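**Student:** First residue of the sequence shown: 2, per this note's numbering; consecutive thereafter. Ideal Cβ placement from N, Cα and C applies to all residues, glycine included. Only a predicted model underlies this, so the values are computations on that prediction, with no experimental measurement involved. Here it is, the structure, as structure tokens.
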Amino acid sequence: MLKVIILYAPEDKSTNNPVNNIKTAFENEKCVVLAKSAKNTTIPDITASEILIIGSKTDGKKSIHPEFKELTRALKGINLAGRTAGIFSFDNEKTVTSFKEVLHDSGISLYNLNLYFKNEMSYSSPTADAAIAPSAAATGEWVKDIITFYKDGI
């Protein structure tokens with residue numbers, strides 16, 4: 002069984018449904034899933050997983066929520082080769098771009114289709130201008146694609 006970690010911020014009611022949708026979609030694919038807020042995550046949590054799912058809301062000024070501050074600093078210095086990352090955003094493309102920059106030198110394989118949540122809906126697209134699909138269906142397809150991407154890379 003694949004081990005998946007979902008990292009997100011902020012830890013509040015607005016992130017619960019999207020994170021739970023992603024978690025359920027991975028569990029439906031028989032993965033072992035740990036969902037943790039960025040402020041409660043340690044590097045061993047990440048290195049124990051084969052797939053890293055990372056997402057954040059902005060705080061209005063920064064593209065990645067401040068709860069990720071320490072974790073993004075640490076992620077820039079660790080080797081994540083052999084793992085796959087998927088990125089999701091609650092707000093905009095800048096969050097995705099910022100996470101790509103954080104993970105750039107880690108050796109992790111980045112899945113190039115990102116997931117965007119807006120008003121309890123989700124859609125996946127290389128850009129934020131795609132048609133909106135029901136969140137459970139779009140999230141489930143995105144998860145299946147990430148698992149395939151990971152398996153094709155090993």
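Alpha carbon to alpha carbon, what distance is there between Ser50 and Ile148?
**Tutor:** As a working mapping, residue 148 is identified with position 147 in the sequence shown. As a working mapping, residue 50 is identified with position 49 in the sequence shown. In a straight line, the C-alpha of Ile148 is about 13 Å away from that of Ser50.
**Student:** What residues in its chain sit with their C-beta under 6 Å from that of Pro19, if we drop five residues either side in the sequence?
**Tutor:** The residue labelled residue 19 in the question sits at position 18 within the sequence shown. Excluding positions up to five away in sequence, the list reads Phe118.
**Student:** With DSSP run on the structure shown, which of helix, strand or coil describes Phe91?
**Tutor:** Numbered from 1 along the sequence shown, position 90 holds the residue referred to as residue 91. If DSSP states are grouped into helix, strand and coil, Phe91 belongs with coil.
**Student:** Output yes or no for whether 7 Å exceeds the beta carbon distance between Leu72 and Thr42.
**Tutor:** Numbered from its first residue, the sequence shown carries residue 72 at position 71. Numbered from its first residue, the sequence shown carries residue 42 at position 41. Yes.
**Student:** I need the straight-line Cα distance from Gly141 to Ala26, nearest angstrom please.
**Tutor:** Here residue 141 is taken as the residue at index 140 of the sequence shown, counted from 1. Here residue 26 is taken as the residue at index 25 of the sequence shown, counted from 1. Roughly 5 Å between the two C-alpha positions.
**Student:** Please determine, among Leu111, Ser15 and Val103, the residue with the shortest C-alpha to C-alpha distance to Lys58.
**Tutor:** Position 57 of the sequence shown, counted from the first residue, corresponds to residue 58. When only C-alpha atoms are compared, the closest one is Ser15.
**Student:** Starting from Leu76, trace the beta strand (DSSP E) in both directions and tell me its first and last residue.
**Tutor:** The count along the sequence shown starts at 1 and reaches residue 76 at position 75. Premise fails: Leu76 lies in the alpha helix (DSSP H), Lys70 to Leu76, not in any beta strand (DSSP E).
**Student:** Is Ala82 helix, strand or coil when you go by DSSP?
**Tutor:** Along the sequence shown, read from residue 1 onward, the residue named residue 82 stands at position 81. It is coil, neither helix nor strand.
**Student:** Have a look at the DSSP bridge pairing and note the partners of Gly56.
**Tutor:** Along the sequence shown, read from residue 1 onward, the residue named residue 56 stands at position 55. DSSP lists Tyr9 and Phe89 as partners of Gly56.
**Student:** According to DSSP, is Ser50 part of a helix, a strand, or is it coil?
**Tutor:** For the purposes of this step, residue 50 is taken as residue 49 along the sequence shown, with counting starting at 1. Residue state, collapsed to three classes: coil.
**Student:** Find out if the Cβ-Cβ distance for the pair Leu114, Ala86 is shorter than 7 Å.
**Tutor:** What you label residue 114 is simply residue 113 of the sequence shown in a count that begins at 1. What you label residue 86 is simply residue 85 of the sequence shown in a count that begins at 1. No; because the gap between Cβ atoms is not below 7 Å, this pair is not in contact.
**Student:** For the alpha helix (DSSP H) holding Asn21, just list the boundary residues, first then last.
**Tutor:** The residue you call residue 21 lines up with position 20 of the sequence shown. Run containing Asn21: Lys14 to Asn29, per the alpha helix (DSSP H) assignment.
**Student:** For Ser107, which of helix, strand or coil comes out of DSSP?
**Tutor:** Here residue 107 refers to the residue found at position 106 when the sequence shown is read from its first residue. If DSSP states are grouped into helix, strand and coil, Ser107 belongs with the helices.
**Student:** Of all the options Tyr151, Asp46, Lys152 and Trp143, which has the alpha carbon lying nearest to the alpha carbon of Asn22?
**Tutor:** Residue numbering aside, residue 22 sits at position 21 when the sequence shown is read from its first letter. The shortest Cα separation from Asn22 among Tyr151, Asp46, Lys152 and Trp143 belongs to Trp143.
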